[in-house]
Structure formats: structure tokens, C-alpha cells
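Asks: Residue numbers (our numbering), protein chains in the order written: chain B, 1 to 483; chain P, 484 to 880.
In this text, a Cβ means the ideal position worked out from N, Cα and C, and glycines have one as well.
1. Less than 9 Å between the beta carbons of residue 288 of chain B and residue 194 of chain B, yes or no?
2. For residue 25 of chain B and residue 168 of chain B, what's the separation of their Cα atoms in angstroms?
3. What is the C-beta distance between residue 655 of chain P and residue 610 of chain P, in whole angstroms, given that I count them as a contact (C-beta under 8 Å)?
4. Mind reading off the beta-carbon distance from residue 305 of chain B to residue 458 of chain B? Whole number of angstroms is fine, and I expect it under 8 Å.
5. Just the C-alpha distance for residue 129 of chain B and residue 342 of chain B, rounded to the nearest angstrom, thanks.
6. Can you give me, in chain order, the residues of the stretch 799-823 of chain P that have a beta carbon less than 9 Å from any beta carbon in chain B?
7. For residue 440 of chain B, which residues in the same chain have their Cβ closer than 6 Å to its Cβ, ignoring the five residues on either side in sequence?
8. Taking the continuous alpha helix (DSSP H) assigned at residue 255 of chain B, which residues delimit it?
9. Whether or not the stretch 501-515 of chain P and the stretch 527-538 of chain P are in contact is what I'm after, with contact meaning three or more pairs of Cβ atoms, one per stretch, closer than 8 Å; do they touch?
10. What did DSSP end up calling residue 616 of chain P once you bin it into helix, strand or coil?
11. Got a sec, what are the start and stop residues for the beta strand (DSSP E) residue 837 of chain P sits in?
12. Are there 16 or more other CB atoms within 10 angstroms of the CB of residue 597 of chain P, so buried, or fewer, so exposed?
13. Please check if any C-beta of chain B sits within less than 9 Å of the C-beta of residue 758 of chain P.
14. Residue 385 of chain B to residue 504 of chain P, Cα distance in whole Å?
15. Let me check understanding here. Comparing Cα to Cα, which of P:713, P:842, P:546, P:636 lies closest to residue 812 of chain P?
16. Against residue 539 of chain P, what residues of chain B qualify as contacts under a CB-to-CB distance less than 8 Å, listed in chain order?
17. Indicate whether at least one CB of chain P lies closer than 9 Å to the CB of residue 470 of chain B.
18. Counting pairs of beta carbons, one from the stretch 331-341 of chain B and one from the stretch 419-431 of chain B, are three or more of them closer than 8 Å?
19. To which residues does DSSP link residue 103 of chain B through a beta bridge?
20. For the stretch 579-592 of chain P, enumerate the residues whose C-beta is nearer than 7 Å to any C-beta of chain B, in chain order.
21. Which residues of the stretch 726-744 of chain P have a Cβ closer than 9 Å to any Cβ of chain B? Give them in chain order.
22. Please name the residue in P:756, P:869, P:648, P:808 whose C-alpha comes closest to that of residue 831 of chain P.
23. Take residue 445 of chain B and list the residues in its own chain whose beta-carbon comes closer than 8 Å to its own, dropping the five residues that flank it on each side.
24. Output the distance between the C-alpha atoms of residue 847 of chain P and residue 794 of chain P, rounded to the nearest integer angstrom.
25. Mind checking the stretch 698-719 of chain P against chain B and listing, in chain order, the residues whose C-beta falls within less than 9 Å of any C-beta there?
26. Could you tell me whether the Cβ atoms of residue 700 of chain P and residue 877 of chain P are closer together than 9 Å?
27. Taking the Cβ atom as the reference point for each residue, do residue 93 of chain B and residue 255 of chain B lie within a distance shorter than 9 Å?
28. Taking the alpha helix (DSSP H) that residue 154 of chain B belongs to, which residues open and close that run?
29. Please determine, among B:112, B:109, B:86, B:117, the residue with the shortest C-alpha to C-alpha distance to residue 102 of chain B.
30. So which of B:170, B:171, B:191, B:187 has the shortest CA-CA distance to residue 180 of chain B?
31. Any Cβ of chain P within less than 9 Å of the Cβ of residue 80 of chain B?
32. Do the CB positions of residue 187 of chain B and residue 44 of chain B come within less than 9 Å of each other?
33. What distance in whole Å lies between the Cβ atoms of residue 422 of chain B and residue 416 of chain B, which are believed to be in contact at a cut-off of 8 Å?
34. Could you check which residue in P:642, P:561, P:815 has the C-alpha nearest to that of residue 627 of chain P?
35. At a CB-CB cut-off below 7 Å, which residues of chain B make contact with residue 500 of chain P?
36. Just how far apart, CA to CA, sit residue 21 of chain B and residue 82 of chain B?
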């Protein structure tokens, strides 16, 4: 009998899907593998490729074998194909096929829709590694460097996960799509990544933390929805990816939190009480809270755009056909078909922002975005607690959902962070108050000096409260290769 | 529920509310509201499935309590409450070895050779203690019972394998379990458990199996040791524990371990070595074993030990009754290795472990004193500092 819990290493590609008995897919993946390794090797600076990084690797998909930590060179990380265990007699949880047995093969009538969703998800994974490729050079500590690389190798593995689905279930065009995932490239003129946020630069570590907090959180919501899919292999893939994705959320939330911590500690030490005394605070080698707010505004709004149009027939079709569910579908108490349900959707009428009822089926994106906003707000509250605890009078805020939007109903108007529609003149006049300027970016960049001594941290970021894998504070998370 | 008990909690200041633990928990013991993620003490069965999946480490928090914190209380928390003073042993803290007086006293006695309150290595994993006790023991099935010593020797040391089946029994290398011998004592009360060190690593005698091994010597008139040594495959045994929270393996792969033992004192070191072999087989020159017995044929695991490469673990044997070569004791070997021992004393990653009969303590202590003196150090000061650092561990009986 096949062992589908423990990862098998009998092929070049670690997996728990019985690849060694699936010659055709194994061959396709082995053909794809060198291209992937080349992509990785061209991407990450050489001395990091040679360094020993304390990474976690799954040796099985059950909780016991899920997190094995050891030093490994990144190119030797065992990227593999890991699916959460199959749930016996799993039923399709929503849409018109509600209650029917989950599909183990691609249903013909939904083939294209399914493929497109997988390709879009797959495209974001290498995109973020590309965006973050140079961050290792300015890591504020070995701890942070390790976390960056952990995020990177896992995004790489998520690409593998999607490529496996494409090659296993979508024949020749699946293989072509898999190849194209390595052709497109973040920020490229000719072949950019498919979604806007994945073509933005990640120029500094605060951007990285904001990205992992806000943009990877969109990824988490999308994976949650895809984990509900009636197409069982996709569901199982996404369920396992979610466990890894939690680490990315952690890097974002604690990264921003530690940045805030360093700022308020420095302010308190210097006796500065006014958080808007920006120049004096910056002279302390930390990032002032108003600038952190601006970075938050930027990354939050770029991430909101990832949810697409508020009202969308594509989303309705995906739900109705049982391909993509809602966030935590199984915990929602309704008919899971949305026959007559309505949902409140933001829209603009007569120059005013209003909400109106729309058929819940077409408002799936809006609902997921609302779930996202709630989820994202939690961490912001926890950041505010750090500030409050230190006695500094300042609160971070999520801006209004209409602020700085390029996609959806708000893309047609200018909205300030409080949700007032303003003229484009006023927007242009004031946007530097709300979004990071080049000067802000230059200042943050000036702080990005690498720190390589174990247990030491750059001035602008506080040490973590708990080490990875319960390691002590001065643990050498990366043994740097010195060329 | 027994009191006091160990309660599993989540640190709300470190948790990022990803709810991965909640999705992982097989018994739905974890839930959340808009504020916190909390653990229901009446449902949590310490299976530990939630520990590795947590990205933050916030899940690995435990408090010894008389009354478990309710869900409502936990939902209100902004931070974890301090450990309250509970009457278990001298102090209730992270190094609480056992929650019931008798077991805690046994372990305190075993560890007293360290010269002060024992402390776990800084990087050791957090142990679970007292999941099972006299009132609610676990039931294990005997999977095997093998004699380790030569057939013609009067020393009968046995390798016993116990399987816990579906019952969670999270045990770390260096921890002990209690075996309850059947029957009653003179006063008609059930016998108290006897403690035995496990000699297998945390993921099982066989990797991935829920089994442990023990290394037990038959003692003349020993009630429990005779019971254990006579067990046959398929027998059922009542087990308490796990116990012990200090005589543990550092997780740091670079920690250098010197393990000094006699006879069945090798049990925890077998666990340590196997853990290292499974986890970091490529690490070299960081394990040293100094192992004493009367004769080669009475040294438990002599055969398998010889197969461990010297680069992975340096092995020094001391035989006190072998026909040829004179009498050797572990302290003699320690002196021969004095250069390396001296290095360990001052290395912040150097650990010394001593395990075996109480009688070995004095000789070892003397050898260590001599080695320290030659370095211009006072052994008791070095020892106390190392112990405070979690780098000096003694378990003798």
C-alpha cells in the first residue's frame, strides 16, 4: 500500500503522492526541475546559495513530522509535492454540486476555469521570491535573514505544488502553463507577473514585512477559499500550503511589530513624546510611526486590489460550480448555495460612497475582501497595543477601503484615508501625506545595513520575543558562506 | 481531574491568530474569538499536534494550576498570567520535574549530586510531565524483552519495549516513566510506581511509533525490577509519567555532550545518541561517551555502540573486572581525557551528564575537581555555574 503520510524520497522530488508509480507525471516534473533550479540559482545572490540556513522542512504532512529544523543550503532544500491527507468521503461543500462526492479528476466543464485559478495562484508564488531577491543583502539580523529565506523556499514549494496540479491534471496545456510560470518575471516589461502587487518592488525590509503581512494575507484568504474546492487535489494542496503560509503571516506581523517596538523604545529613551517629531526620531536610527502608517497605507491598498471587482460573475461561477468556496465555508451557517441571499456591497452613486444589497453569489469577492479586512485589522490592533503599552500617543489605522485603489468601483474616484471623496487636484496635493514619498523610501533605505553577528539586530528593529524552534537569542540562524 | 494539573495555554502577546493550531487540533480543544485563541482544558489531551504547526512558539506554554483557567478568563487576557505558587516540590516553575510529591521527591534525590537545584539546558525542548499518574495510569503493551548481558553473567540487564498504542505519551530523551508493579503493599495499598529512564528517543524506539524502551537491571529481591525483567511480549503494564524536566538533551546541534555512565545509567544516553543520529547525523565530534561496566559482556548495548562511528561519538570504555588490562573506572578514563574535559568546562556549549549508580559520583567528582584545579579553577564554582547554565546534570540512584 502507498504511504501517503510520510514523504518519500525515492524520486528526485520528495512527495507524498506516489510519484514513483506515476511515471508520466514524474517525467514531466523531472523535465521541469532543471528550469526551476536555474531560476532559483539566477535569482538569489551566490553567497547565500552557499550559506547554511536553519530551515524547516516537512518530512510528513501530519503534525508530528511537519516541522523538522536543520541547516541546509537553499539549493539543496527538498522542494517537493505535499498534499494534506485525503479526507474520506469528502463532499463538495458548496454551489450547485453541494453534497456530491468531491472530484478526484478535473470535471471537463470546469477545466478552463480551474486551470486559470491554479495558474494565477501559481504565478504569485515565484513572483514574491523575485521581488525579494536582494533583501538578503541588507538583512537586519541573521534571524531575519533566516525568516526571509524560509519564506522564499516555501513560496518556491508553493510553485511546485501548483505545477504538480497543472502537470498531473491538465495534460499538454498544463505543461505549457507550468513552463510559462518560469518565463514571466516580476516587474518585467515583456512578461510581467499576472497580478499588479507582484510587480511592485520590495525595496527594503519594512516593505517586506508589510508585504508578508498584507499581501501574503491575500494569499492566505485565496488559499482558504481554494481549500474548499470540490476538486479534491486542489483542496488538499491548499490545505497543506496554509500551514506554511502561517509562517509568512508571522514574519509580517512580528516584523512590523518589532520595527514599532524599536521606534518607541528609542523615542522613550531619548525623551521624545511627539510621534510627529519626525526628523528627531529618524536621527535615532529608527523609522517614525507616521512613515510606518504610510507604508501600511500603500501595502494594504495594493493588497485590496488583489480581490478584484466587488461584483463579479467569474467569482459567482467559481462558487456555483464548486471550484472555489468562501473563507471558512464549512463554518458558515447557511445553504452554501446562496440561492436568494444578498450581501452588502460598496458602490458609488451621485458622488457618494454607499452600500447596497447585491446578490450574494456575485458578491463573493466583496465578502472575501471583508473577511480579509477583519483578519488584517487584528494585527493592527496588536501593533497599537505595543504603542499604547509604551505610553506613546499614536494609533495605526487601516485606511478606508476606497483609498488609493486601482481596481473595482473605487478606481474611478479619489478617496482620502477617512473615506471622503476628494478632487484629483486635492489628491495630488495631499497624497504625499498618505503614501510613502521617494524621500521616505530613501530614508528607510539608509537604515538598511546588514547585521551578521548572531544575536545582534539593526537599530531600527527590536529582537524577537521567542526564537525560531525555541532557539536562544544568539543562535546562528544562518552560517554565512564567506567567499 | 487530578490536582494540581498542567494546563496548556497560548501566549496572547506572541500569537498572531493564524488559527493553524485550531485547524490542526484533532479534538477541537482550541477555539478563538475576536481577541484571543484559547485552549479548553477539559478537552486538551496533550497530543502535541498543535506544537510544531505553530509558526510563533506562542503555543508552547504551560501552567501548573489547581483550577484550570476557564475559556472566559483566557479570552480576556492581554498577556499570560505568571505561574502561581503551587505546592509541588520546592517551587513550581519551568523546571518542575513532577507534579506529585512522591515522584518529585524521587527525582530531586536522583539529581542532588549536581550540588543544587537542577536546571534544564537552555535549548532543551519543553517536557510534558505527569500526564498519567497512579489514579489514571497509561496502559502499555510489552512489545519485546531482550537480555543485553552475556548469558553466563550474573548481571541480568534487559531491554524492554513498551507500546502505548493510541494513548498520547510524549516523552523526551532523559525523562523517566513510572512502572506500577501489580499487587498491594503491606498496608494493603497499591504499590507506588518505580522510576525508569527511557532509553529511546522522543519519536519512538522505532521512528514514528508510539513506543519507548527501558533499560532495566534485575535486582535481588527488587519487587519492580523482577516484575519488569520477567515481562513477556503481549503483557500489559501500568505506566505513569512522564517525569523529569531537567536531565534533557539540548536542541542546539552544536552543543558538545560528555556523557559519563555506568550500567543502566546508559539508558538516557542511548536516547540522546539516537536522537542526534536521527536529527543531525552529519554533526561530527560533539559527543563523547565514557561508559563503565565490570566486563565487556555486561556493558549494555556494547555491540550496537561499537557500530557508531568514532567521528559521530567518541566512545571510551572502562572495565573494572576484565581478566586482562587491570581495573579501570570511569574516573580514570575521565582523567585520561582531561584536556577535552577542561575545554568543555569553559565552553558555553559544553555539557556534562553523569548517570548511574550513586557510588560513581564521588570518583567522578574528584576527577573533575583535579581537572579544574589544573586549569586554576575551583570545581564547585565551575560546577555551580555550569548547573545554573543548564550544562551540568547528574542523575544517580
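Replies: Result, derived from the coordinates:
1. no
2. 6 Å
3. Approximately 5 Å separates the beta-carbon atoms of residue 655 of chain P and residue 610 of chain P; this is inside 8 Å, confirming the contact.
4. With a Cβ gap of about 31 Å, residue 305 of chain B and residue 458 of chain B do not count as contacting.
5. 39 Å
6. Within the stretch 799-823 of chain P, no residue qualifies.
7. 291
8. 232-270
9. yes
10. In the structure shown, residue 616 of chain P adopts extended strand secondary structure according to DSSP, grouped into three states.
11. 833-839
12. By the neighbour-count rule (16 or more Cβ atoms within 10 Å), residue 597 of chain P is buried.
13. no
14. 23 Å
15. P:842
16. 250, 254, 466
17. yes
18. no
19. Note: residue 103 of chain B sits in a beta bridge opposite B:231.
20. none
21. 734, 735, 736, 737
22. The candidate whose alpha carbon is nearest that of residue 831 of chain P is P:869.
23. Answer for residue 445 of chain B: 203, 204, listed in chain order.
24. 25 Å
25. none
26. no
27. no
28. 142-169
29. In this structure, B:86 is the residue among B:112, B:109, B:86, B:117 with its C-alpha nearest to the C-alpha of residue 102 of chain B.
30. Closest option to residue 180 of chain B, judged by alpha-carbon separation, among B:170, B:171, B:191, B:187: B:191.
31. no
32. no
33. Right, the Cβ-Cβ distance comes to about 5 Å (below 8 Å), so this counts as a contact.
34. Considering only alpha carbons, the answer is P:642.
35. 378
36. Rounded to whole angstroms, residue 21 of chain B to residue 82 of chain B spans 16 Å at the Cα level.
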